[in-house]
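Here's the structure we're looking at; comments come further down.
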Amino acid sequence: MNLTPRGLPPLPGPTLLDRLVTFVSPIRGLRRHQARAALALSGGYSGARYDRRALQEWYAGLGSADRDSLGDLTTLRARSRDLRRNAPLATGALNTIVTSAVGTGLTPRARIDRELLGLTEEEAGAWEAHAARIWAWWAETPACDVTGRFDFATLQALVLVSSLESGDVLAIRRRKEGRARLLGLALQLLEADYLSNPQFGPDTDRLAGGVEINELGEPVRYHLASRHPGDFFGRGGLTWTAVPAVAPESGERLVLHIFDPLRPGQTRGVPLLAPVIEPLKQLDRYTEAELMAAVLAACFTVFIKHPTPDAPVGLGLPAGQLPPADPAQYRLGNGAILDLAAGESVETVNPGRPNDKFDPFVQAILQQVGVALEVPYELLVKRFNASYSASRAALLEAWRSFERRRATLVRTFCQPSYEWVIAESVAAGLLDAPGFFEDPLVRRAWCDAAWTGPAAGQIDERSAVESAILRVTNGLATLEEETAKLTGGDWEQNHAQQVKERRAQVRDGLAAPPAPVAPPTGAPTRNPRDPQNADRGSTPPLEDAVPAGRLSLARAELVTEGGARA
25 MNLTPRGLPP
35 LPGPTLLDRL
45 VTFVSPIRGL
55 RRHQARAALA
65 LSGGYSGARY
75 DRRALQEWYA
85 GLGSADRDSL
95 GDLTTLRARS
105 RDLRRNAPLA
115 TGALNTIVTS
125 AVGTGLTPRA
135 RIDRELLGLT
145 EEEAGAWEAH
155 AARIWAWWAE
165 TPACDVTGRF
175 DFATLQALVL
185 VSSLESGDVL
195 AIRRRKEGRA
205 RLLGLALQLL
215 EADYLSNPQF
225 GPDTDRLAGG
235 VEINELGEPV
245 RYHLASRHPG
255 DFFGRGGLTW
265 TAVPAVAPES
275 GERLVLHIFD
285 PLRPGQTRGV
295 PLLAPVIEPL
305 KQLDRYTEAE
315 LMAAVLAACF
325 TVFIKHPTPD
335 APVGLGLPAG
345 QLPPADPAQY
355 RLGNGAILDL
365 AAGESVETVN
375 PGRPNDKFDP
385 FVQAILQQVG
395 VALEVPYELL
405 VKRFNASYSA
415 SRAALLEAWR
425 SFERRRATLV
435 RTFCQPSYEW
445 VIAESVAAGL
455 LDAPGFFEDP
465 LVRRAWCDAA
475 WTGPAAGQID
485 ERSAVESAIL
495 RVTNGLATLE
505 EETAKLTGGD
515 WEQNHAQQVK
525 ERRAQVRDGL
535 AAPPAPVAPP
545 TGAPTRNPRD
555 PQNADRGSTP
565 PLEDAVPAGR
575 LSLARAELVT
585 EGGARA
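Going by this note's numbering, the sequence shown opens with residue 25, and the numbers climb by one from there.
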C-alpha cells in the first residue's frame, strides 16, 4: 500500500548498506532512512538545501510578524536613535527623506463632491474657501499642538522622522479649552516607547506591543505609559492608561498609530535603519579610524636625542637637572618638541594616510545602504558628478520613494487630522454641511481634499516647462497638476494673482505680458553639459534657441503718457 501523498515522489527504500547499518545499529539506520526520505521530499530550489556548504549553517525562522519584530524593537530603536545622533550618514539619510517628503509642509485643498452634495460651482467654491480659512487658523498656528509650541508643518516632520527612526509614532486626539481658541482640537504626539504592555508584561494573542485587538485583529485600545520609560526625572512609578481607539458613542477615531507595515498582521512598526544598522555603525568606526590616522600622519613632532647622559642638547640645563623621562607623557602634536633620554630612539611607521582606497570602499558600502533606504547614492552623499541623464534618473527614482512616503503620511496622519477639523467645525456651527454626521458617504464628500507639498525640483528647468506645456496642450495633464508637480503651488491662486497683476499693469500703463507660447517643435532640448551630448554640437545662441517672435515678446514694454514706447 503506497502512503506517499499525491504529487510527491515515492519514498526510497533502504539500500544494502542501510540494512547493514540498521542491523548493527538500529538508531543510526533509522536516521539514515529519515535523511533519505527528507531529501526525497525536498523541492527543487537550491536556496532551500542544507547540503551545500554556503547554506548549511543558515537557519531562518518562520515566525509571525510580531514574533520576528517585537522582541528586538527596543534595541533597534535605541541603536537607530544613536546612529541618528552620532553617525553623519544616518542623520543625512533621514533628514533627506523628511526634507524631500515633507519639506516646508503639506497643505490640503478642499475638493468637495459638489455633484453628490447638490451644490453649484459658486457654492462649492465659497464653502471650500471658508473651510480653508478655518484650517489655516488651526494648522498654521500652535493651536494644533497640545503643547502650544509647533504648527502642523512641524508636526508632520516630527511624525515622519519619528516613524522612520523609531518604527512608529502615536497622535492622540486631545481637547483644549480657551477663549481665544476657535476649535478645541489639539494633537498630542507620543514616541513609540510610550506604547507598551502594562507593567511590561508578556505579549498575548489579544495584547501585543501595547496594542489590544479584537477577534478580527482590529485595534480597540492602546495602553500608554504615564511618562517616557527612559525619563529618569519622573516622580513615582510608571502607570498605564488604556486609551480607546475610537470613541464609544460617536465612533470617531481617537488615536492615530502611524507606521509603515512590512507584513500582514504586524502590530508595531520597525525602524527604517534596521537592515543597515551594522554596516552604518561599522562604516562610522572605519571613518573615525581613518580620520584619526590622517590626523596622526599630519602631526609634525621633533625628537631631541642625547648622545650621552651628560650632554643635553639645546635645553640650556646643566647635567643632572633634567627631570626623569616619563614615557606616558610622550604625545604627538602640532609642532611638538619631545626630549628623549640618553640612548632612546624613535621608530615610526608610515601610516600611508590619507588612504586613496578610502573613498571607493565607502562608496561601495553606501550604495548598498542607499538601496535599502531607497535613497540613491548621489542623493545620499549629495554628490552629483555623474552625467545629466544619470543624475536625473537617480532623482526620479528617489522621488518615487518620497512620493510613497508622502502618500503614507497623508493617509495615516494629515487627512485624518483634516477630517477632525472639519467635523468639529461642522459640530460647532462654523461650517454648514447637511448630512455630515448621518451619512458616511456624504461625510466623505465634505472632507475630500488634495494634498500638495514642495515640488521635486528640476535639473533642466526649461525642458521640464516645455514638457509640461506639451502635456497640457495635448490634454494629457491639467494646469493644476503641472503647477503642483513643477512648483508645488496652487494653480487657482496663481491664476487669481496673475489676473490681479495684469489688471494692475494695464491700469498703470504697462503692456500686459504675452500669452504663453508653446515650445518649439522638433528635437527635444539637450543639455550641453551632459557628457553624453558632448558630440552633438555646442550651445546654440539665444536667438536660435527661442522661437521666432518670443524674444521681443519676452521684453516688457513701458508705455509713456504720450503713447511712445520705451
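Each residue gets a CB set at the ideal place from its N, CA and C atoms; glycine is no exception.
It should be emphasised that the depicted structure is a prediction, and the values quoted were computed from it without experimental measurement.
**Report entry** Per-residue DSSP class, three states only, for L83
**Finding:** First, the residue type needs correcting, since residue 83 is Tyr and not Leu in the sequence shown. It is coil, neither helix nor strand.
Requested in this report: Name the two residues that bound the continuous beta strand (DSSP E) containing R199.
Outcome: D192 to R199
Query raised in the report: Looking at the C-beta of G477, does it have a partner C-beta in chain D at a distance below 7 Å?
Result: Absent here is chain D; the protein component of the structure consists of one chain.
Report task. For L194, count neighbouring Cβ atoms within 10 angstroms of its own Cβ and tell me buried if that reaches 16, exposed if not. Result -> buried
Report task. Note the first and the last residue of the continuous alpha helix (DSSP H) segment covering Q522. Result -> W515 to R531
Requested in this report: Give every residue of the same chain whose Cβ lies closer than 8 Å to the Cβ of A201, excluding the five residues on either side of it in the sequence, and list them in chain order.
Outcome: Checking the sequence shown, residue 201 turns out to be Glu, not Ala. Answer for E201: G208, listed in chain order.
Query raised in the report: Would you report the Cα separation of E236 and L286, rounded to the nearest angstrom?
Result: 20 Å
Query raised in the report: When the Cα atoms are used, what is the spatial distance from S321 to I483?
Result: It is worth fixing the name first, because residue 321 is Ala in this sequence and not Ser. The straight-line gap from Cα to Cα measures roughly 41 Å.
Query raised in the report: Starting from A452 and walking both ways along the alpha helix (DSSP H), at which residues does that stretch end?
Result: From DSSP, A452 is part of no alpha helix (DSSP H); its letter is neither H nor E.
Query - Beta-carbon contacts of R429 that lie in its chain and below 6 Å, excluding the five residues immediately before and after - result: A125
Query - Extent of the continuous alpha helix (DSSP H) to which V294 belongs - result: Taken as a continuous stretch (DSSP letters only), V294 belongs to no alpha helix (DSSP H), as it is neither H nor E.
Query raised in the report: Which partner residues does Q212 have in the DSSP bridge list?
Result: I196
Report task. Apply the 10 Å Cβ neighbour rule to D169 and answer buried if 16 or more other Cβ atoms are within range, or exposed otherwise. Result -> buried
Query raised in the report: Hey, which unbroken runs of the alpha helix (DSSP H) at 4 residues or more fall wholly within the segment 388-444?
Result: 401-404 and 412-433
Query raised in the report: So, W264 versus L206, is the Cβ gap smaller than 7 Å?
Result: no
Requested in this report: Within the same chain, show all residues whose beta-carbon is closer than 8 Å to that of A422, passing over the 5 residues directly before and after it, in chain order.
Outcome: S124, E398, V399, P400 and L403
**Report entry** Within 7 Å, strictly: CB atoms of T436 and I282
**Finding:** yes
Query raised in the report: What separation, rounded to the nearest whole angstrom, lies between the Cα atoms of S491 and A117?
Result: 31 Å
Requested in this report: Rank D463, R91 and A114 by C-alpha distance to the C-alpha of Q306 and give the top, closest one.
Outcome: A114
Query raised in the report: Based on the DSSP secondary-structure assignment, which residues constitute the bridge partners of W264?
Result: A249
Query raised in the report: Where does the unbroken beta strand (DSSP E) through E146 begin, and where does it stop?
Result: It is not in any beta strand (DSSP E) - E146 instead sits in the alpha helix (DSSP H) that spans E145 to A163.
Query raised in the report: Taking three-plus beta-carbon pairs below 8 Å as touching, is the segment 139-148 in contact with the segment 179-190?
Result: no
Requested in this report: Let me know the secondary structure DSSP gives I237 once reduced to three states.
Outcome: strand
Query raised in the report: Rounded to whole angstroms, how far is the Cβ of L211 from the Cβ of R198, which I believe are closer than 8 Å?
Result: 7 Å
Query raised in the report: When burial is assigned at 16 or more other CB atoms within 10 Å of the CB, is L500 buried or exposed?
Result: exposed
**Report entry** Environment of L107 [buried if 16+ CB atoms lie within 10 Å]
**Finding:** buried
Query raised in the report: Taking all protein chains shown into account, do 16 or more other C-beta atoms lie within 10 angstroms of the C-beta of Y69, making it buried, or fewer, making it exposed?
Result: exposed
Requested in this report: Compare the C-alpha of P226 against each of G254, G95, V319 and P243 and name the closest.
Outcome: G95
Query raised in the report: Which partner residues does T131 have in the DSSP bridge list?
Result: T476
Query raised in the report: Among residues of its own chain, excluding the 5 on either side of V244, which ones have a beta-carbon nearer than 6 Å to its beta-carbon?
Result: E236, N238 and A269
Report task. Pull up the CB-CB distance for G512 and G459, whole angstroms please, since I reckon it's below 8 Å. Result -> Contact doesn't hold; Cβ gap of about 34 Å is too wide.
Query raised in the report: I121 by DSSP, collapsed to three states: which one?
Result: helix
Report task. Tell me whether the beta-carbon of G233 lies closer than 7 Å to the beta-carbon of R292. Result -> yes
Report task. Name the residue from L179, Q58, S49 and E516 whose alpha carbon lies nearest to the alpha carbon of T165. Result -> L179
Query - Best match in L214, A396 and E516 for proximity to E302 [C-alpha to C-alpha] - result: A396
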